[in-house]
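For reference, the structure is listed below as structure tokens.
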Amino acid sequence: MLYLVLVVIFIITLYLFSQKRPKNYPPGPYGLPIFGHLLQLGPSPHITLLKLKEKYGPIVAVDFGSYPAIGISDYRILREALAHPSFAGRPNLNVFQHRSRDVIARGLLFTEGRQWLEQRHFAIKQLKALGYSKTSIETTVQAEISDFLINLKADCNRPMSIRTRFHAPVLNILWALIVGERDTTGEAAMLFKICTESIEEHNGLASLCMFIPWFSKIFPKLSGLDEMNKNLGPLWAFFEKYIKDHQSTFIPGQVRDFLDAYIQEIQNTTDPSSSFYKEVGERSMLSTLLDLFFAGGETTANTIHWTCLYLASFPKVQKRLQDEVDSVIGNSRLPALTDEISMPYTCAVIQESMRFTALIPLAIFHSTTQDVELKGYKIPANTMVLMNVYSALHDKEYWGDPEVFRPDRFLDDEGKLIKHEPMVPFCPGKRVCIGEVLARNELFLYITSLFQTFSISTDPANPNPSLDPIVTWIQMPPDHHLMFTQRNS
């Protein structure tokens, strides 16, 4: 009897899938009922998609549970799709709604349509007004780096874990923009650490939670949903405390920071359909803060971490970078953004670090907002789109030796920086990362300051640490110890 039921479910599932797909839908392997291709894609779906490309081509059909999806593994097609407005949507995943504590997703990262355009336009405008994309943020970053270096000196000359060492200083820069002050208590960094560790712990099951919604309802503990609620609760409360403080001290027309600007926008909004209107605006504000917190803090901190690991593993690259730092900056002042134009090798190292890591290998999931054609294939509306950024950054045909850490690939014969079309770490196009300028500025100032002050080596007990990432929504560095040795007194 059970066998018959399973056969019927399988036939119905195949029928439903065949009805959803037009005749010239992209090719792909057969999936499983309920699970689709989740199990076949495995823990590193960006790698699996590259393998599927060999058989099915650069656009392949896969299903994430009950969500029809396509994967794009070609940098030319990737750029074309990213620039097309029909690919600028977001899938309607229950986890996105859940983290917003609403029936739909709120904020910046996981919204689409008018809500996304409103929130994005507002965030870009206000962050620019606060100086995040200008050299005016340089002083804030330099001050944070100075404090960080002092703390790091206390632990130098012995192997130490740097797993979450960079999160607090990076988050402090964001926090200064958002609420106008540093997080001197370290509470924000601590809550952030708890949430990211929870994501890592439940990474595999999180896929079932996201793409098979009933799984999290039946097994909330097993899926990690209960744990997510438990960890997000204190973070929401932390944000709400600052929001209430700002609301009680806010003076209309006197904007002190991003939070003040958001409160003013809510007060000025009279359109009930706006994402800034009254209670909806307040829920959107919380989600936007969470988005800025995670997207800005996690990505930059981990890129700095990866770069330290690479340069400890490849000491010749480190020495060449330090020679450039010594020549251009010396040791009597902090690095400045104006130094960047005179430091092509350092910039090449940072570029190669981002390429080699492919930090967000599948970007944040996109979705089609309407029926659209791509390279002759018909893609229906509401199809999830996996932008395989990893495939662009590790395209063997283009790069030649993508698995080799080689910064010189970004320099021409005259030592000048080269732009490469497959370099898409920030996902260009309609949904390009709004924090790209700040992230690039932070990376340059942190990397130059760190290697101006320290030489970094691997732990003598583990001289060849693994460079294999821990894959969650980002590629996290493995836990290991590095040794920081002070260069200059």
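Numbering (mature numbering (1 follows the signal peptide of the UniProt record, and there is no 0)), first residue to last: -18 to -1, 1 to 471.
We put the beta carbon where it would ideally sit given N, CA and C, even for glycine.
For this session: Please list, in chain order, all residues of the same chain as residue 457 whose beta carbon is under 7 Å from its beta carbon, the five residues on each side excluded.
Result: One-based indexing of the sequence shown puts residue 457 at position 475. Only 339, 340, 341, 343, 451 meet the Cβ criterion.
For this session: Reducing DSSP to helix, strand and coil, say where residue 50 ends up.
Result: Counting from 1 along the sequence shown, the entry for residue 50 is found at position 68. Here residue 50 sits in strand by DSSP.
Exercise. Who are the near neighbours of residue 399 in its chain, counting only those whose CB is closer than 7 Å to its CB and skipping five residues on each side?
Worked result: In the sequence shown, residue 399 corresponds to position 417, counting from 1. Excluding residues up to 5 positions away in sequence, 326, 329, 330, 392, 393 lie with their Cβ nearer than 7 Å to the Cβ of residue 399 in the same chain.
Exercise. Tell me which same chain residues have a C-beta within less than 8 Å of the C-beta of residue 350, skipping the five on either side of it?
Worked result: Numbered from its first residue, the sequence shown carries residue 350 at position 368. The beta carbon of residue 350 is closer than 8 Å to those of 68, 69, 71, 361, 362, 363, 364, 365, 367 in its chain, skipping five residues each way along the sequence.
For this session: Could you tell me which residues DSSP pairs with residue 440 in its beta bridges?
Result: Start at 1 with the first residue of the sequence shown, and residue 440 comes out as number 458. Residue 440 pairs with 464.
For this session: Could you tell me the distance, in whole angstroms, from the CA atom of residue 193 to the CA atom of residue 19?
Result: On the sequence shown, position 211 is the one that residue 193 refers to. On the sequence shown, position 37 is the one that residue 19 refers to. Each residue's Cα considered, the two are about 11 Å apart.
Exercise. Between residue 30 and the rest of its own chain, which residues show a CB-CB distance below 6 Å, the 5 nearest in sequence each way excluded?
Worked result: The count along the sequence shown starts at 1 and reaches residue 30 at position 48. Result list for residue 30: 23, 24, in chain order.
For this session: State the Cα-Cα distance for the pair residue 269 and residue 262, rounded to the nearest angstrom.
Result: The residue you call residue 269 lines up with position 287 of the sequence shown. The residue you call residue 262 lines up with position 280 of the sequence shown. So the alpha carbons of these two residues sit roughly 11 Å apart.
Exercise. Are the segment 241 to 252 and the segment 214 to 228 in contact at 8 Å, needing three or more beta carbon pairs?
Worked result: Output reads yes: the segment 214 to 228 touches the segment 241 to 252.
Problem set entry | Whole alpha helix (DSSP H) elements within the segment 349 to 404, 4-residue minimum | Scanning the segment 349 to 404 from its first residue to its last, the whole alpha helix (DSSP H) runs of 4-plus residues come out as 371 to 375, 378 to 381.
For this session: Alpha carbon to alpha carbon, how far is residue 318 from residue 113? Give it in angstroms, no decimals.
Result: Along the sequence shown, one-based indexing puts residue 113 at 131. Along the sequence shown, one-based indexing puts residue 318 at 336. Distance between the alpha carbons of residue 113 and residue 318: 16 Å.
Exercise. Is the segment 276 to 291 touching the segment 144 to 162, taking contact as three or more C-beta pairs under 8 Å?
Worked result: The segment 276 to 291 is in contact with the segment 144 to 162.
Exercise. By the 10 Å Cβ neighbour count, where 16 or more other Cβ atoms means buried, how is residue 345 classified, buried or exposed?
Worked result: As a working mapping, residue 345 is identified with position 363 in the sequence shown. Within a 10 Å sphere around the beta-carbon of residue 345 sit 16 or more other beta-carbons, which makes this residue buried.
Problem set entry | Cα-Cα separation, residue 277 to residue 306 | Locating residue 277 in the sequence shown gives position 295, counting from the first residue. Locating residue 306 in the sequence shown gives position 324, counting from the first residue. Taken atom to atom, the span from the alpha-carbon of residue 277 to that of residue 306 is near 31 Å.
Exercise. From residue 404 to residue 250, what does the alpha carbon distance come to, in whole angstroms?
Worked result: Mapped onto the sequence shown, residue 404 falls at position 422. Mapped onto the sequence shown, residue 250 falls at position 268. Rounded to the nearest angstrom, the two C-alpha atoms are 43 Å apart.
For this session: Measure the beta-carbon distance from residue 220 to residue 291 and round it to whole angstroms, keeping in mind my assumption that it falls under 8 Å.
Result: Here residue 220 refers to the residue found at position 238 when the sequence shown is read from its first residue. Here residue 291 refers to the residue found at position 309 when the sequence shown is read from its first residue. With a beta-carbon spacing of about 30 Å, residue 220 and residue 291 fall beyond the 8 Å limit used to define contacts.
Exercise. Where does residue 42 sit, in a helix, a strand or coil, going by DSSP?
Worked result: If you number the sequence shown from 1, residue 42 lands on position 60. In the structure shown, residue 42 adopts extended strand secondary structure according to DSSP, grouped into three states.
Exercise. Touching or not, the segment 131 to 143 and the segment 430 to 447, by the rule of three or more beta carbon pairs under 8 Å?
Worked result: Counting Cβ pairs under 8 Å, three or more are found: they touch.
Problem set entry | Burial state of residue 417, where buried means 16 or more other Cβ atoms lie within 10 Å | Here the question's residue 417 lines up with position 435 in the sequence shown. Per the 10 Å Cβ criterion, buried.
For this session: For my contact list, residue 160 and residue 239 are in at a C-beta cut-off of 8 Å; report their separation, rounded to the angstrom.
Result: For this step, residue 160 is matched to residue 178 along the sequence shown. For this step, residue 239 is matched to residue 257 along the sequence shown. Between residue 160 and residue 239 the beta-carbon gap is near 6 Å, inside 8 Å, which marks them as a contact.
Exercise. From residue 412 to residue 334, what distance separates their C-alpha atoms?
Worked result: By one-based count along the sequence shown, residue 412 stands at place 430. By one-based count along the sequence shown, residue 334 stands at place 352. It is roughly 25 Å from the alpha-carbon of residue 412 to the alpha-carbon of residue 334.
Problem set entry | Top-ranked residue by Cα proximity to residue 419, from 53, 106, 213 | The count along the sequence shown starts at 1 and reaches residue 419 at position 437. Put simply, of 53, 106, 213 the residue whose alpha carbon is nearest the alpha carbon of residue 419 is 106.
For this session: Out of 295, 7, 313, state which residue places its alpha-carbon closest to the alpha-carbon of residue 468.
Result: Residue numbering aside, residue 468 sits at position 486 when the sequence shown is read from its first letter. Measuring from the Cα of residue 468, the nearest candidate turns out to be 313.
Exercise. Pick from 445, 100, 9, 35: whose alpha carbon is nearest that of residue 43?
Worked result: On the sequence shown, residue 43 is found 61 positions in, with the first residue counted as 1. Of the listed residues, the one whose Cα sits closest to residue 43 is 9.
For this session: Tell me where the alpha helix (DSSP H) around residue 326 begins and ends.
Result: Walking along the sequence shown from the start, residue 326 turns up at place 344. Here the alpha helix (DSSP H) through residue 326 covers 326 to 339.
For this session: Have a look at the DSSP bridge pairing and note the partners of residue 452.
Result: Numbered from its first residue, the sequence shown carries residue 452 at position 470. Note: residue 452 sits in a beta bridge opposite 458.
For this session: Identify whether residue 95 lies in helix, strand or coil by the three-state DSSP scheme.
Result: To locate residue 95, count along the sequence shown from 1; it is residue 113. DSSP places residue 95 in helix when its eight states are reduced to three.
Problem set entry | Any non-hydrogen atom of the ligand NAD closer than 7 Å to residue 62 Cβ | Among the components modelled here there is no ligand, and therefore nothing to report on the ligand NAD.
For this session: Going by DSSP, name the residue or residues bridged to residue 141.
Result: Taking the first residue of the sequence shown as position 1, residue 141 is located at position 159. As a beta-bridge residue in DSSP terms, residue 141 pairs with 465.
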